[in-house]
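Going down the list, the sequences are from chains A and B.
Be aware that the first sequence starts at 1, since it is given in my numbering, and climbs by one per residue.
Be aware that the second sequence starts at 257, since it is given in my numbering, and climbs by one per residue.
Worksheet: the structure to be examined is printed underneath.
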Amino acid sequence: MLEAQHLSIALGGRRIVEPLDLTLGPGELTGLIGANGSGKSTLLRALAGLLPAEQGGVFLDGKPLGKLAPRALARTLAFLPQAPECHWPLTADRVVALGRLPFRGGSSELDAEHVTRALEAVDALHLRERAVNELSGGERARIFLARALAGDPKLLLVDEPGAGLDPFHQLQLMETLQAFARRGMGILVVMHDLGLAARFCSGLLALHQGRLVASGEPEAVLSDALLAKAHGITAFRGRCQDAPVLVPWSRVGGRS
Amino acid sequence: MNRTRAPWGLLSALSAALLLSCVVSLGIGSTSIAWRALWDAAMGHGDPLLRLVLVEIRLPRLLLALLVGGSLGLAGAAMQGLLRNPLVEPGLLGVSSGAGLGAVIAFYLGLSATFAYAVPLGGIAGAALAVVLVCSLAGRDGSIQNLILAGVTVSAICGAFTSLVLNFSPNPYAGMEIVFWLLGSLSDRTFQHVLLAAPLIAAGCALLLGCGDALRAFSLGEETAGSLGFRTGRVRARIIAGAALAVGAAVSVTGCIGFVGLMIPHLLRPLVKGDPARLLPVSALGGALLLLWADILVRVLPTGQELKVGVVTALAGAPIFLFLLVRTRKSLF
Numbered sequence: 001m002l003e004a005q006h007l008s009i010a011l012g013g014r015r016i017v018e019p020l021d022l023t024l025g026p027g028e029l030t031g032l033i034g035a036n037g038s039g040k041s042t043l044l045r046a047l048a049g050l051l052p053a054e055q056g057g058v059f060l061d062g063k064p065l066g067k068l069a070p071r072a073l074a075r076t077l078a079f080l081p082q083a084p085e086c087h088w089p090l091t092a093d094r095v096v097a098l099g100r101l102p103f104r105g106g107s108s109e110l111d112a113e114h115v116t117r118a119l120e121a122v123d124a125l126h127l128r129e130r131a132v133n134e135l136s137g138g139e140r141a142r143i144f145l146a147r148a149l150a151g152d153p154k155l156l157l158v159d160e161p162g163a164g165l166d167p168f169h170q171l172q173l174m175e176t177l178q179a180f181a182r183r184g185m186g187i188l189v190v191m192h193d194l195g196l197a198a199r200f201c202s203g204l205l206a207l208h209q210g211r212l213v214a215s216g217e218p219e220a221v222l223s224d225a226l227l228a229k230a231h232g233i234t235a236f237r238g239r240c241q242d243a244p245v246l247v248p249w250s251r252v253g254g255r256s
Numbered sequence: 257m258n259r260t261r262a263p264w265g266l267l268s269a270l271s272a273a274l275l276l277s278c279v280v281s282l283g284i285g286s287t288s289i290a291w292r293a294l295w296d297a298a299m300g301h302g303d304p305l306l307r308l309v310l311v312e313i314r315l316p317r318l319l320l321a322l323l324v325g326g327s328l329g330l331a332g333a334a335m336q337g338l339l340r341n342p343l344v345e346p347g348l349l350g351v352s353s354g355a356g357l358g359a360v361i362a363f364y365l366g367l368s369a370t371f372a373y374a375v376p377l378g379g380i381a382g383a384a385l386a387v388v389l390v391c392s393l394a395g396r397d398g399s400i401q402n403l404i405l406a407g408v409t410v411s412a413i414c415g416a417f418t419s420l421v422l423n424f425s426p427n428p429y430a431g432m433e434i435v436f437w438l439l440g441s442l443s444d445r446t447f448q449h450v451l452l453a454a455p456l457i458a459a460g461c462a463l464l465l466g467c468g469d470a471l472r473a474f475s476l477g478e479e480t481a482g483s484l485g486f487r488t489g490r491v492r493a494r495i496i497a498g499a500a501l502a503v504g505a506a507v508s509v510t511g512c513i514g515f516v517g518l519m520i521p522h523l524l525r526p527l528v529k530g531d532p533a534r535l536l537p538v539s540a541l542g543g544a545l546l547l548l549w550a551d552i553l554v555r556v557l558p559t560g561q562e563l564k565v566g567v568v569t570a571l572a573g574a575p576i577f578l579f580l581l582v583r584t585r586k587s588l589f
């Protein structure tokens with residue numbers, strides 16, 4: 001269980017995230033939504049222990065993140081940044097194997113097993129020998145997700161994994177995240193696609209100008225008022241196969 | 257798949273080539289030593305004069321080539337991994353220019369004439385001061401960009417002061433001595449030079465060789481490396497300290513030998529499929545091999561005046577980079 005208690009974050013002396021409380025429990029696929037510059041990525045990085053809290057703190061199973069050894073934290077919580085990249089032309093399986101670094105010194109057979117399983121989970125086993133810099137955007141996104149999954153974390157924080165992906169790969173990615181959440185992983189995913197958020201997430205957190213303005217079930221969070229205030233849009237709504245459908249429709253002048 | 261597997265085949269091939277090159281290096285010079293005589297001298301028999309040449313002249317030269325070439329190759333691979341840039345050379349953080357300035361000041365003050373180790377000690381002091389200056393300029397939690405900027409600034413300052421010292425050199429002979437030293441050479445070095453540099457180089461190399469896993473994590477960026485359980489500030493400090501020790505000590509005893517730390521990791525990276533951890537030992541062996549052969553070349557080329565080994569590595573480096581550029585352009589178009 002990951003908890004933020006009265007957490008505020010400042011960068012360069014400027015407060016980016018106002019004090020907020022949130023929890024991420026096992027089996028939850030929570031979407032973090034908000035307009036550009038609302039503080040989503042900053043919040044995610046602080047929840048991963050990569051940015052210090054200005055006030056309050058982040059707790060993993062009741063313990064402050066700062067008190068945990070970095071390696072112990074990395075074994076429990078995986079972080080996938082926005083637009084991840086690999087600076088050297090490593091093969092895909094070696095990139096995925098980097099996700100096992102928190103377990104370095106352990107069994108290499110076990111590592112290999114986890115790498116294979118992570119590649120299978122994202123349907124990329126056939127790419128394992130390819131250099132990651134030669135893959136397409138969709139293939140690369142799957143490999144980096146596999147890297148985050150290779151450590152078999154209890155919690156996964158992902159920043160806009162679907163950015164730049166075609167609809168096929170976006171759906172595939174969300175289905176993969178949903179499958180892992182159903183198996184007990186707690187996942188917090190920053191996303192801009194409100195339609196995918198409404199359909200796949202079990203809960204949503206909405207940020208507006210650094211403030212947590214709504215949280216709860218997707219249909220309750222994605223109210224007309226919130227969409228107008230935080231995103232400056234109206235949306236077409238419907239249902240398909242018992243799932244909510246939300247399509248951003250028009251801009252409104254109420255966004256502040 | 258085993259993520260910690262070392263590239264044993266490549267390491268064995270490089271080690272074998274290095275061993276063979278050592279024998280060639282010991283046999284070649286102004287006094288040619290036959291293989292049989294070489295063996296006798298190594299076993300403590302044979303002509304005492306040959307034994308003297310071998311032990312007092314060629315062996316220190318060989319050991320320095322291995323130590324300096326190895327440390328330049330290793331530090332280059334580690335710095336490229338840390339900064340995630342294949343065009344970084346180990347002197348980027350001002351170590352080489354700091355060591356050069358320290359040594360040049362020792363020359364200028366005439367200390368080299370009164371105390372044989374004034375130049376290398378001056379070099380080590382200069383390298384240490386340069387690194388302290390770079391780290392304080394970059395700040396405690398300095399970003400990679402700040403580090404590079406601070407390194408370039410300190411290099412420029414040291415370069416300017418080196419020119420100043422040259423400008424005011426007491427006489428043309430002293431000026432020439434400084435210039436020749438700066439070109440980089442392994443000749444006229446003794447076991448004392450080896451003993452002076454070896455502990456520092458060994459400490460630096462030990463620090464760098466232990467950073468393989470961290471450099472793998474750094475492939476994904478510093479923030480992701482942090483999320484994989486690495487204390488990135490500590491890793492950075494360790495690599496900077498390791499490179500400063502190894503390169504500072506190397507430059508202090510041999511002068512500035514360029515291109516080895518830039519070229520070797522660049523050339524060998526494809527052979528380890530880009531893995532920055534596997535590149536470390538491979539680059540150390542490759543650097544030693546390159547400098548050893550550059551030094552052999554210096555001794556066999558019939559030049560009237562002594563050719564400096566730093567000139568040979570620079571002359572070899574430029575066309576290799578030209579070749580790499582042409583190959584890259586061909587693969588792009």
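Backbone N, C-alpha and C fix where the C-beta goes; we use that ideal spot for every residue, glycine too.
Only a predicted model underlies this, so the values are computations on that prediction, with no experimental measurement involved.
In this structure the stretch 79-91 of chain A lies against the stretch 527-535 of chain B, because at least three pairs of beta carbons, one per stretch, are closer than 8 Å. In the DSSP assignment, W549 of chain B falls within the unbroken alpha helix (DSSP H) covering 532-556. By the criterion of a C-beta distance shorter than 8 Å, A78 of chain A is surrounded in its chain by G99, A148, L149, G151, P153, L155, L156, L157, once the five residues flanking it on both sides are discounted. R317 of chain B sits away from L501 of chain B, with the two beta carbons spaced by 7 Å or more. Listed as beta-bridge partners of C240 of chain A by DSSP are A:A243. Take the alpha-carbon of I233 of chain A and the one of D224 of chain A: they are about 8 Å apart. Take the alpha-carbon of A359 of chain B and the one of I457 of chain B: they are about 17 Å apart.
The count of Cβ pairs closer than 8 Å, one atom from the stretch 4-20 of chain A and one from the stretch 57-76 of chain A, reaches three, so the stretches are in contact. For R140 of chain A, the enclosing alpha helix (DSSP H) starts and ends at 137-149. R583 of chain B is outside the set of residues whose beta carbon lies under 7 Å from a beta carbon in chain A.
Runs of the beta strand (DSSP E) lying entirely within the stretch 25-67 of chain A and spanning at least 3 residues, in chain order: 29-33, 55-60. A direct Cα-to-Cα measurement between Q170 of chain A and S327 of chain B gives close to 47 Å. Among the residues facing chain A, A473 of chain B is included, as its CB has a counterpart in that chain under 7 Å away. For the stretch 395-406 of chain B, the beta-carbon criterion of a distance under 9 Å to any beta-carbon of chain A is satisfied by none of its residues.
Between S38 of chain A and the set A:V190, A:A141, A:G253, the nearest pair of CA atoms involves A:V190.
A383 of chain B is not bridged by DSSP to any residue. When DSSP reads this structure, R251 of chain A sits in a beta bridge with A:I233. Proximity to I16 of chain A across A:G31, A:I33, A:T42 peaks at A:T42, based on C-alpha coordinates.
In the DSSP assignment, V190 of chain A is bridged to A:L32, A:D159. Inter-residue distance for H192 of chain A and I33 of chain A is about 6 Å (C-alpha atoms, whole angstroms). The criterion of a C-beta distance shorter than 7 Å is satisfied by L463 of chain B and A497 of chain B. For P64 of chain A, the nearest beta carbon of chain B is not closer than 7 Å to its own beta carbon. Across the set B:V390, B:S281, B:Y373, B:V351, the C-alpha of B:V351 shows the shortest separation from the C-alpha of G460 of chain B. For a Cβ distance threshold of 9 Å, nothing in chain B lies close to E139 of chain A: the least Cβ distance comes to about 17 Å. Where A416 of chain B is concerned, the enclosing alpha helix (DSSP H) starts and stops at 400-423. A straight-line Cα-Cα distance of about 10 Å links A35 of chain A and L227 of chain A. The continuous beta strand (DSSP E) containing Q5 of chain A extends over residues 2-11.
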